[in-house]
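All residue numbers for the sequence shown refer to my numbering, where the first residue is 18 and numbers rise by one. Note that CB positions come from ideal geometry on N, CA and C, so glycine has one too.
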Amino acid sequence: MSQSEQFKFSENRATGDLIIEQPSTGNVLTVVNTFTEMFPMWYMRFLVTAESYRWALNSARAVVGFGTSIIMSPAECGIEALVPADKTPDGRPGVLVQIYHSDRFLLKAQFLARVGQCVLTCPTTAVFDSLTKAKRRVKAGKSLASFGDGFQTRDRMFNRDVWRIPVMEGEFIIEESCGIMKGIAGGMFLILAENWKSGLEAAEKAVKAIRKVKGVITPFPGGICRSGSKVGSMKYKLKASTNHLFCPTLRKVVENSMIPENVNSVYEIVINGINLDSVKKALGVGIKAAIEVPGVVQITSANYGGKLGPYNLYLKEALASVGLKW
């Protein structure tokens, strides 16, 4: 069954909101006529290979740990995709990793710390750059090579310039330099649901769809955030605090609550990507997957009137970009 047969679409002429009805379940939801604000961030994108996916993933998962939001984490990180052995420089299974930071020098420091502690230490792993065409480069491999205490050697392997660092297992191979480029961060949408079970199911389906999009990551645990924040605090000296307007338990406590009467749970999906088009597609497929779940009441986004970032993308535009017509 096609998407057009599965749903009935209409548009609220007064607000521009998209109304979606699912005849098979009777579920009716709204995609609010609003936009997500995004901003540029520096990123590095690299490949961790190993003798098996098991060990490549062990390493990559450690690399991206404590990398959810730059608000309090030292970087924003995520696993982009698994890469088959026939697509990697050394012919072994690989995992594509992304790291983001607003400061390119601190990004380099994060790369060195995370790779040095979580890849160099992990059995059978190697590191290769995935931004080979980037003009701006950091000599990350050269910096880590000093761990070899003078016994390290520079070499040409797999058609790459690499450093061979002696370790107790054998040797650790890392590409001499890695590219650094500006990407897009902060693309997000909110799933408002009747209860946490339907909301979480919708969020999980959204993340599963997003993971098929090339060039993007969802940096929160499992790709999902349950504690969306606002900039600053009304009471304390904080960089960020709970987004009270979207807290269901505060619906009758705060003024101008954004929570409809039949909503009792909200989940946030945050997306970073290598360019605007990749984030746009990820938003579109994520929303498209979420609206299929009964119990979802509304899809919207939290923004700050265009003040947070220079890139504003309407949710309906993201949906249209992945072929959803109304």
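- Residue pairing by DSSP puts Glu192 in a beta bridge opposite Val179.
- When C-beta atoms of the segment 320–331 are compared with those of the segment 225–243, fewer than three pairs fall below 8 Å, so the two segments do not count as touching.
- Taking a C-beta distance under 9 Å as the contact criterion, Ile37 and Ile276 do not qualify as a contact pair.
- DSSP places Val302 inside the alpha helix (DSSP H), whose first and last residues are 293–307.
- The Cβ-Cβ distance between Met55 and Asn260 does not fall below 9 Å.
- In this model, Arg177 and Lys247 are separated by some 44 Å (Cα to Cα).
- Spatial neighbours of Val114 in its own chain (CB-CB distance under 8 Å, excluding positions within 5 residues in sequence) are listed in chain order as Arg62, Phe63, Leu64, Val65, Ala77, Val80, Val81, Cys94, Gly95, Ile96, Glu97.
- Contact annotation: the segment 148–168 touches the segment 179–189, with at least three C-beta pairs closer than 8 Å.
- Between the segment 191–203 and the segment 211–231, the count of Cβ pairs shorter than 8 Å is below three; the stretches do not touch.
- Fewer than three Cβ pairs drawn from the segment 101–117 and the segment 44–51 lie within less than 8 Å of each other, which leaves the two stretches out of contact.
- Between the alpha carbons of Val100 and Val112 lies a distance of about 6 Å.
- The residue among Ile286, Ser318, Asp34 with its C-alpha nearest the C-alpha of Pro236 is Ile286.
- Within the segment 98–143, the runs of beta strand (DSSP E) that reach at least 3 residues and sit entirely inside it are, in chain order, 111–118.
- The Cβ atoms of Gly312 and Ala157 do not sit closer than 9 Å to each other.
- Inclusion of Ile288 and Ile208 in the CB contact set at 9 Å is not warranted, their separation being larger than that value.
- Counting C-beta atoms within 10 angstroms of its own C-beta, Ile197 has 16 or more neighbours from the protein chains shown and is therefore classed as buried.
- The three-state secondary structure of Ala31, taken from DSSP, is coil.
- The DSSP assignment places complete beta strand (DSSP E) segments of no fewer than 3 residues inside the segment 24–100 at 25–28, 35–39, 44–48, 52–66, 93–100, in order along the chain.
- Secondary structure at Ser215: helix, using DSSP grouped into helix, strand and coil.
- Judged by their CB atoms, Pro110 and Ala67 are nearer to each other than the 9 Å cut-off.
- Apart from the 5 residues on each side of it in sequence, Arg154 sits with its Cβ closer than 6 Å to the Cβ of Ser194, Gly196 in its chain, given in chain order.
- Straight-line spacing of the CA atoms in Ile88 and Lys256 works out to 7 Å.
- Nearest neighbour of Ser160 by Cα position, chosen from Lys150, Thr138, Val132, turns out to be Val132.
- Exclusion of the five residues before and after Ser282 leaves Ala210, Asn212, Trp213, Gly216, Pro265 as the residues of its chain whose Cβ lies within less than 7 Å of its Cβ.
- DSSP links Leu209 through a beta bridge to Val283, Gln315.
- Shown here, Thr266 sits in a helix according to DSSP, grouped into three states.
- Between Gly290 and Val296, the alpha-carbon positions lie close to 5 Å from each other.
- In the DSSP secondary-structure assignment, Lys247 is bridged to Ser258.
- Taken through DSSP and simplified to helix, strand or coil, Gly326 comes out as coil.
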